[in-house]
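K.L.:
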Amino acid sequence: MQAVLGICGYSGSGKTTLLEALLPLLTRRGLRVSVIKHSHHDVQLDSPGKDSFRHRQAGACEVMIVSPHRVGVFAETARELTLDEQLTRLSPCDLVLLEGQKSLPVPKLEVYRPALGKSARYLDDRDVIAVASDAPLAAAIPVLDLNDADGVAHFIAAWLADRR
1 MQAVLGICGY SGSGKTTLLE ALLPLLTRRG LRVSVIKHSH HDVQLDSPGK
51 DSFRHRQAGA CEVMIVSPHR VGVFAETARE LTLDEQLTRL SPCDLVLLEG
101 QKSLPVPKLE VYRPALGKSA RYLDDRDVIA VASDAPLAAA IPVLDLNDAD
151 GVAHFIAAWL ADRR
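If you're matching positions, the sequence shown starts at 1 in this note's numbering and goes up one per residue.
#1: Is the beta carbon of P107 closer than 7 Å to that of L5?
#2: Can you tell me whether G72 is buried or exposed, with buried defined as 16 or more other CB within 10 angstroms of its CB?
#3: Are the CB atoms of L109 and A130 nearer to each other than 7 Å?
#4: Drop a sphere of 10 angstroms on the beta-carbon of L26, count the other beta-carbons inside from all chains shown, and report buried for 16 or more, exposed for fewer.
#5: Helix, strand or coil, according to DSSP, for L18 in the structure here?
#6: Considering G151, what are the terminal residues of the alpha helix (DSSP H) in which it resides?
#7: Extract the residue ranges of the alpha helix (DSSP H) inside the segment 62-144, only unbroken runs of 4 or more that lie entirely within it.
#8: Looking at P105 and D127, is the spacing between their C-beta atoms short of 7 Å?
#9: In the DSSP assignment, what are the bridge partners of A3?
#10: Touch check for the segment 72-90 and the segment 43-63: three-plus C-beta pairs under 8 Å?
#11: For S52, which three-state DSSP category applies?
#12: When you compare only the Cα positions, how much space is there between H38 and Q57?
Below you can see the structure in the form of structure tokens.
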């Protein structure tokens, strides 16, 4: 089973920006990394009028789009998939980063900006193994510099190596 690390934090904390910086750094370290992004909204991944949209509207439970450069699957679900169900849909990789899904019992790296005025999750969530922040913090877990993506990537790579 792939290693899973949640990237959690409040909206506007910089989770996506950190992930964008981390992915090429982790890839350069020889890791195959996938991302599962959670949304609380009913996202539309397809466009009205496109063949794939029309196939779904006509009753297909899944529609796969294949090109020489990428593949995508649009699937209707009766409920939100569990983490195990999400993971089985991914190709094998070394690490799956979850953006969102902060209440799942998986190891997490919290992205925390005190200036947002919200309480830190790492204070109460035992699954948070480190916090990346733009301010100094006194914490019982590793505190990483949010502006040092290479340092965060190093922490993640070392954590992953320890799990193997």
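For glycine and all other residues, C-beta sits at the position ideal for the given N, C-alpha and C.
P.N.:
Quick look at the numbers:
#1: Looking up residue 5 in the sequence shown gives position 5. Looking up residue 107 in the sequence shown gives position 107. A contact, by the Cβ cut-off of 7 Å.
#2: Working through the sequence shown from its first residue, we reach residue 72 at position 72. Exposed, because fewer than 16 other Cβ atoms sit within 10 Å of the Cβ of G72.
#3: As a working mapping, residue 109 is identified with position 109 in the sequence shown. As a working mapping, residue 130 is identified with position 130 in the sequence shown. A contact, by the Cβ cut-off of 7 Å.
#4: Taking the first residue of the sequence shown as position 1, residue 26 is located at position 26. So L26 ends up on the buried side.
#5: The residue you call residue 18 lines up with position 18 of the sequence shown. L18 falls in the helix class under three-state DSSP.
#6: Translated into the one-based positions of the sequence shown, residue 151 becomes position 151. First-last of the alpha helix (DSSP H) with G151: 149-163.
#7: 83-88
#8: In the sequence shown, the residue the question calls residue 127 occupies position 127. In the sequence shown, the residue the question calls residue 105 occupies position 105. A contact, by the Cβ cut-off of 7 Å.
#9: If you number the sequence shown from 1, residue 3 lands on position 3. DSSP, once it has assigned bridges, lists L95 as partnering A3.
#10: yes
#11: For the purposes of this step, residue 52 is identified with residue 52 of the sequence shown, where counting begins at 1. Looking at S52 - three-state DSSP - the assignment turns out to be helix.
#12: On the sequence shown, position 38 is the one that residue 38 refers to. On the sequence shown, position 57 is the one that residue 57 refers to. Near 23 Å, if we compare the C-alpha coordinates of Q57 and H38.
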